[in-house]
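Per the UniProt record's numbering, residue 1 is the first one in the sequence shown, and the count goes up by one each step. Ideal Cβ positions, reconstructed from N, Cα and C, are used throughout, including at glycine. Since we're looking at a predicted model, the values are computed, not measured. Following: one structure in structure tokens, then a few remarks.
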Amino acid sequence: MARILPRLLARIERQPKQAPTVFPFRAQKRKPKSLYRPPLPLPSFHPADHPQSILLSPGSPVTDARDYAYHKMRPPSPAKPPKDAASALPDPPRQMSPVELGWWSNPYLRMLSSPLRLCSVTQRHVPSDLLIRLVGMQLPSDEQPGAKPMAKLVPDGILHPKYANRKVSKGTYVLCWRKAVELLQKGSYKRLSHDLSLYPNLAQHIAHLLRLRVLQEFELLADRMSYDFDRRKRLGIPSPDTILRRLTYEEYGSMRTTGSVPYQNAVAVLVLPPVNKDVGTGQRPEGSMSQLPPEDEHIPPNAPPTSTLLKTSDDFDEDLPDTISPLRIPLYNAASAFPSRSQRAALYSLLMRILKTEEHVRGLHPKTAQPRSPENQKSSHAFLLCSDNKTAKRGDPAAIALALWRLRMYDSEGWANSIPTSDN
């Protein structure tokens with residue numbers, strides 16, 4: 001080896017310097033496999049129908065019980081399946097019906113229909129979209145090079161699967177609430193492993209990942225709408241309903257005065273002015289979607305709450321029981337929800353990108369020119385996000401509303417003042 005290395009290094013130095021060869025990594029998507037089979041007719045257990053023992057009969061429901069097992073069909077997709085999809089299969093891919101698209105576009109139904117998981121603090125089964133998933137991971141020790149790795153409890157599964165996969169299969173769950181995460185200091189997570197411990201910035205790290213998930217959902221919506229625009233331009237499909245638009249000063253002022261949102265398909269209102277320029281450099285901060293915690297977070301002392309619930313235009317019937325609360329539309333203040341200037345800059349650029357796509361879609365079928373709008377009809381810094389069975393074909397705005405609602409829950413909005421337990 002001592003004689004080979006010098007000759008190998010000299011051989012490498014004599015070679016002409018070329019650009020490194022880049023091999024494209026193409027991850028082949030695994031096609032969904034259906035286990036569905038047409039159900040067999042119900043077997044008969046009457047002795048007259050079996051000339052011999054039922055255990056020896058062909059197709060016996062006792063020895064061949066797997067043939068009678070029920071397999072669910074594959075769930076439908078919001079997108080239209082390709083034309084070359086195998087329609088002769090017993091379970092061909094299909095698109096959601098208008099009613100199913102309406103359910104899919106409702107963020108609250110999406111949250112309530114998520115799988116149930118046990119909260120380690122309250123010992124109650126809660127939909128997983130209302131929880132934070134935590135897993136134990138071994139981290140290298142910084143104190144001594146040969147020291148035993150430390151086992152820490154870290155958040156997992158908060159980011160979108162396109163950006164980060166789950167690290168560990170087994171984990172524990174806690175309410176999506178900062179106070180519930182702080183109660184983990186009592187040691188309820190020790191059921192996973194006695195060697196686990198918490199790091200001091202766990203609550204801040206979870207908040208950062210929840211904000212980053214909102215940015216990721218906006219970026220995915222922008223990509224999906226851009227692709228949908230190219231398809232509509234190529235096929236000449238009429239422009240659909242709007243997903244995101246700016247409210248005028250008159251609309252926003254009326255909304256704040258009346259405390260109601262007069263739009264049926266509205267799911268969220270986001271107030272986000274452009275980030276101010278830096279006093280020293282005179283430049284606006286660049287947008288950042290890094291998974292590392294930002295260093296430019298700043299919350300002013302008199303900051304507004306993360307969100308405020310507004311009423312809808314439809315009056316709630318007072319004769320109905322109060323089992324189900326009336327629908328409310330959250331209004332999010334980006335200055336409080338995203339204290340980092342770089343994250344607000346990234347969010348603002350994504351919103352401008354989506355609005356540009358909406359403008360291109362409207363340009364496919366231009367209308368008559370409108371006169372210049374007065375001062376109160378100009379666009380404000382409030383953005384209206386809409387979701388229904390029509391907008392679900394262009395993107396998934398309900399996922400953005402869900403991510404914003406999780407951030408709202410984590411900031412202690414939407415929960416009671418006390419944490420419920422299994423005893424009360």
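DSSP, reduced to helix, strand and coil, places GLU359 within a helical segment of the structure shown. Here the C-alpha atom of ALA337 lies approximately 9 Å from the C-alpha atom of ILE299. Just so you know, the alpha carbons of THR242 and ASN389 end up roughly 12 Å apart. Taking C-beta separations shorter than 7 Å and ignoring five residues to either side along the sequence, the partners of TYR348 in its chain run LEU272, PRO274, VAL275, following chain order.
The Cβ atoms of ILE329 and VAL261 lie closer than 9 Å to each other.
Per DSSP, PRO6 lies in no beta strand (DSSP E) segment; the continuous alpha helix (DSSP H) that holds it begins and ends at 4-14.
Counting C-beta atoms within 10 angstroms of its own C-beta, LEU407 has 16 or more neighbours from the protein chains shown and is therefore classed as buried. If you ignore the 5 residues before and after TRP103, its C-beta comes within less than 8 Å of the C-beta of LEU109, all in its own chain and listed in chain order. Across the set VAL168, LEU175, ARG117, LEU196, the C-alpha of LEU196 shows the shortest separation from the C-alpha of LYS152. The secondary-structure analysis by DSSP pairs ALA151 across a beta bridge with GLN138, LEU196. Distance between GLY287 and ALA345, taken at the CA atoms: about 5 Å. Contact between TYR36 and MET96 fails: their C-beta atoms lie close to 18 Å from each other, not under 8 Å. Taking C-beta separations shorter than 8 Å and ignoring five residues to either side along the sequence, the partners of ARG224 in its chain run ARG394, GLY395, ASP396, following chain order. Nearest C-alpha to LEU385 among ARG124, GLU358, SER169: GLU358. Residues PRO107, VAL267, ALA268 of the same chain have their beta carbon placed closer than 6 Å to that of ALA401, with the five preceding and five following residues left out of the count. Residue state for ILE54 is assigned as coil, using DSSP reduced to three classes. Within the model, the alpha-carbon separation for VAL135 versus TYR68 is close to 38 Å. PRO155 and ILE12 have their C-alpha atoms some 45 Å from each other.
When the five nearest sequence neighbours on each side are left out, the beta carbons in the same chain lying within less than 7 Å of the beta carbon of ARG353 are those of ALA222, in order along the chain. Counting along the chain, the unbroken beta strand (DSSP E) around ALA268 starts and ends at 266-271. Per DSSP, PHE218 is one residue of the alpha helix (DSSP H) stretching across 202-235.
Under DSSP, VAL174 forms a beta bridge with ILE132. A straight-line Cα-Cα distance of about 18 Å links PRO149 and LEU202. For PRO41, the closest of GLY363, GLN52, ILE54, PRO61 by C-alpha to C-alpha distance is PRO61.
In the three-state DSSP reduction, ILE329 falls in the strand class (E or B). A Cβ-Cβ separation of about 6 Å places LYS378 in contact with TYR249 under the 8 Å criterion. Taken in chain order, the whole alpha helix (DSSP H) runs of length 4 or more contained in the region 37-121 are 98-104, 107-112.
Its Cα nearest to that of LYS356, the residue ARG246 stands out among ALA392, SER412, HIS50, ARG246.
In its chain, beyond the 5 residues on either side, LEU215, ALA346 have a beta carbon closer than 6 Å to the beta carbon of MET289. With contacts defined by Cβ atoms closer than 9 Å, LEU159 and LEU220 do not form a contacting pair.
Around the beta carbon of ASP228, 16 or more other beta carbons sit within 10 angstroms, so the residue counts as buried. In the three-state reduction of the DSSP assignment, LYS179 falls in the helix class, which pools H, G and I. Contact check for ILE237 against CYS176 fails: the beta carbons are separated by 9 Å or more. Rounded to whole angstroms, the separation of the alpha carbons of GLY59 and PRO38 is 15 Å. LYS162 sits in coil when the DSSP states are folded into three classes, being neither helix nor strand.
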